[in-house]
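Numbering (the working numbering), first residue to last: 22 to 444.
The beta-carbon is built from N, C-alpha and C at its ideal position, and this holds for glycine as well.
All figures in this text were calculated on a predicted structure; none of them were measured in a lab.
Notes for the one structure printed next.
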RNA sequence: GUGGGUAUAGCUCAGUCCGGUUAGAGCGCCAGGUUGUGGCCCUGGAGGUCGGGGGUUCAAGUCCCCUUACUCACCCCA
């Protein structure tokens, strides 16, 4: 064993997975930027108070926070999610509304790792602040759905629900608490403990023992105000119009206290692990105000990068991008020609790699093969010092001797073109 | 935080039940066969304090205890 390893719940995203991650956020950025969302990069840690508002009764706040005191005596926490940070940023900078932003980056929760759950985990997401229009709910939900589709995923189930307004929600929670309390003796120990902290979450119990009490529980939809009801109806209507398949899940309550009205979750039916929720979100109309800003409507979602990629693996879609270079230079003289050629070709916009350490031709050709290059350019004694060079196609083994001035044209005839992006 | 499983080469794993010379395989890596040519094949090589610590024993990868990490599940969540 090496002296040092990654800390529990963290890991190295190694090549070629890291390239896949980058492409993942590229696809996401394109999806949401085309819909008018702008990138925001909040800090990875904030005053603990920012995250307290996620809910005093939630595990995320009570036991999973990565918090510490800094050298200035401030009580700091690594962000467990980014919605609260975005709301804080809104309250701090007061941008014009509706404010549509997207983000991507790591979050931190101190919990035990398992499949699809890490202490440092990445999310991509969007938030919209400052509008109550049900059409924005539809847009947000659609964009998440559309992104999964762009990745190539087809086994995603979208579940939606409405938690009602603050007063509806409170009336429902009270009714629910009364219902479960009357059946407390039939509930599992865990559910009884959950009941004290947050009756809503008892609905989430997966234990058989709790099934009967959950199934006979009062229904949230019976507690919705007229406003909340019509808002939700508009959202469902919009989704239908956009041909987004969804199921209304009356028990979808989500983990954070701030949700109001619309909530939704994307579940991968291709994942067999317990962590099959690949993304989720909802409306959080009171959050900005709780953080000290003006009363502001808000809605957004966060998608788990790790879990979504697991779902991609399970469906065999969205592979790591091809990392191969165009050209590999083999120089069996002294490496000077390799140095010059790779430099020149890279400046022209080709991707080029070469061997080092003056290895044998066999060794360098093996390296060329592994690089995935379309062609190898071979420089031996005969071709040294600006003479012609041998260009060998690595797929067909055809090779030609060609002068250096004709090299670029020849590469072009093979379908290799200089990249127009220059750094 | 609670419970189960696992830990032997860079990777995937035999070997542990029933203790006994220098701990193996496949893949990968390096070199050679092929003194100017990759993939296929053949040959050779490098690479291990058997996760760590303690104990039992003439003898421990193997048995016992402790510990750490990984992993799966619960809880919770993305």
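For residue i versus residue j, is the C-beta spacing smaller than 7 angstroms?
{"i": "residue 112", "j": "residue 314", "result": "yes"}
{"i": "residue 168", "j": "residue 52", "result": "yes"}
{"i": "residue 287", "j": "residue 179", "result": "yes"}
{"i": "residue 375", "j": "residue 350", "result": "yes"}
{"i": "residue 319", "j": "residue 150", "result": "yes"}
{"i": "residue 137", "j": "residue 327", "result": "yes"}
{"i": "residue 158", "j": "residue 283", "result": "yes"}
{"i": "residue 325", "j": "residue 146", "result": "no"}
{"i": "residue 177", "j": "residue 246", "result": "no"}
{"i": "residue 208", "j": "residue 238", "result": "no"}
{"i": "residue 380", "j": "residue 396", "result": "no"}
{"i": "residue 144", "j": "residue 129", "result": "no"}
{"i": "residue 409", "j": "residue 422", "result": "yes"}
{"i": "residue 278", "j": "residue 76", "result": "yes"}
{"i": "residue 181", "j": "residue 269", "result": "yes"}
{"i": "residue 281", "j": "residue 184", "result": "yes"}
{"i": "residue 67", "j": "residue 28", "result": "no"}
{"i": "residue 126", "j": "residue 338", "result": "no"}
{"i": "residue 373", "j": "residue 348", "result": "yes"}
{"i": "residue 285", "j": "residue 162", "result": "yes"}
{"i": "residue 81", "j": "residue 109", "result": "no"}
{"i": "residue 291", "j": "residue 336", "result": "yes"}
{"i": "residue 226", "j": "residue 212", "result": "yes"}
{"i": "residue 256", "j": "residue 340", "result": "no"}
Quick check on the DSSP output: the beta strand (DSSP E) that includes residue i runs from which residue to which?
{"i": "residue 111", "result": "Counting along the chain, residue 111 falls outside any beta strand (DSSP E), though it belongs to the alpha helix (DSSP H) covering 104-114."}
{"i": "residue 162", "result": "Element bounds for residue 162: not the beta strand (DSSP E) but the alpha helix (DSSP H), 155-172."}
{"i": "residue 436", "result": "It is not in any beta strand (DSSP E) - residue 436 carries neither H nor E in the DSSP assignment."}
To which residues does DSSP link residue i through a beta bridge?
{"i": "residue 322", "result": "147 and 302"}
{"i": "residue 180", "result": "268 and 286"}
{"i": "residue 97", "result": "68 and 89"}
{"i": "residue 410", "result": "423"}
{"i": "residue 349", "result": "374 and 397"}
{"i": "residue 138", "result": "135"}
Which two residues bound the contiguous alpha helix (DSSP H) that contains residue i?
{"i": "residue 55", "result": "Where residue 55 is concerned, there is no enclosing alpha helix (DSSP H), given that its DSSP letter is neither H nor E."}
{"i": "residue 35", "result": "Here residue 35 belongs to no alpha helix (DSSP H), and DSSP marks it neither H nor E."}
{"i": "residue 127", "result": "First-last for residue 127: 120-129, but that is the beta strand (DSSP E), not the alpha helix (DSSP H)."}
{"i": "residue 262", "result": "247-262"}
{"i": "residue 404", "result": "Looking at the DSSP string, residue 404 is not in any alpha helix (DSSP H), and its letter there is neither H nor E."}
{"i": "residue 193", "result": "187-203"}
{"i": "residue 369", "result": "357-369"}
{"i": "residue 77", "result": "Here residue 77 belongs to no alpha helix (DSSP H), and DSSP marks it neither H nor E."}
{"i": "residue 215", "result": "210-218"}
{"i": "residue 308", "result": "308-311"}
{"i": "residue 278", "result": "Run containing residue 278: none; DSSP gives neither H nor E here."}
{"i": "residue 391", "result": "382-392"}
{"i": "residue 236", "result": "229-236"}
Can you say whether residue i is buried or exposed, counting buried as having 16 or more other CB atoms within 10 angstroms of its CB?
{"i": "residue 35", "result": "exposed"}
{"i": "residue 26", "result": "exposed"}
{"i": "residue 426", "result": "exposed"}
{"i": "residue 188", "result": "exposed"}
{"i": "residue 443", "result": "With a pLDDT of only 48 at residue 443, under 50, the local geometry of the prediction cannot be trusted, and no value is derived from it."}
{"i": "residue 344", "result": "exposed"}
{"i": "residue 230", "result": "exposed"}
{"i": "residue 148", "result": "buried"}
{"i": "residue 55", "result": "exposed"}
{"i": "residue 39", "result": "exposed"}
{"i": "residue 307", "result": "buried"}
{"i": "residue 175", "result": "exposed"}
{"i": "residue 252", "result": "buried"}
{"i": "residue 389", "result": "buried"}
{"i": "residue 392", "result": "buried"}
{"i": "residue 89", "result": "exposed"}
{"i": "residue 190", "result": "buried"}
{"i": "residue 358", "result": "buried"}
{"i": "residue 249", "result": "buried"}
{"i": "residue 165", "result": "buried"}
{"i": "residue 45", "result": "buried"}
What I want to know is whether the C-beta of residue i ends up closer than 6 angstroms to one or more non-hydrogen atoms of the ligand GTP.
{"i": "residue 314", "result": "You won't find the ligand GTP in this model; it holds no ligand whatsoever."}
Check: Does the count of Cβ pairs from the region 80-87 and the region 98-112 closer than 8 angstroms reach three?
Finding: Contact holds: three or more Cβ-Cβ distances are below 8 angstroms.
Notebook entry, point to check: Does the region 153-170 touch the region 184-203, meaning 3 or more C-beta pairs lie closer than 8 angstroms?
Noted result: Touching, no, given that fewer than three Cβ pairs across the two stretches are closer than 8 angstroms.
Checklist line | Three-pair Cβ contact test at 8 angstroms for the region 219-229 versus the region 265-283 | finding: Yes, the region 219-229 touches the region 265-283.
Item checked: Contact the region 113-124 vs the region 47-61: 3+ CB pairs below 8 angstroms -> Enough Cβ pairs lie closer than 8 angstroms, so yes.
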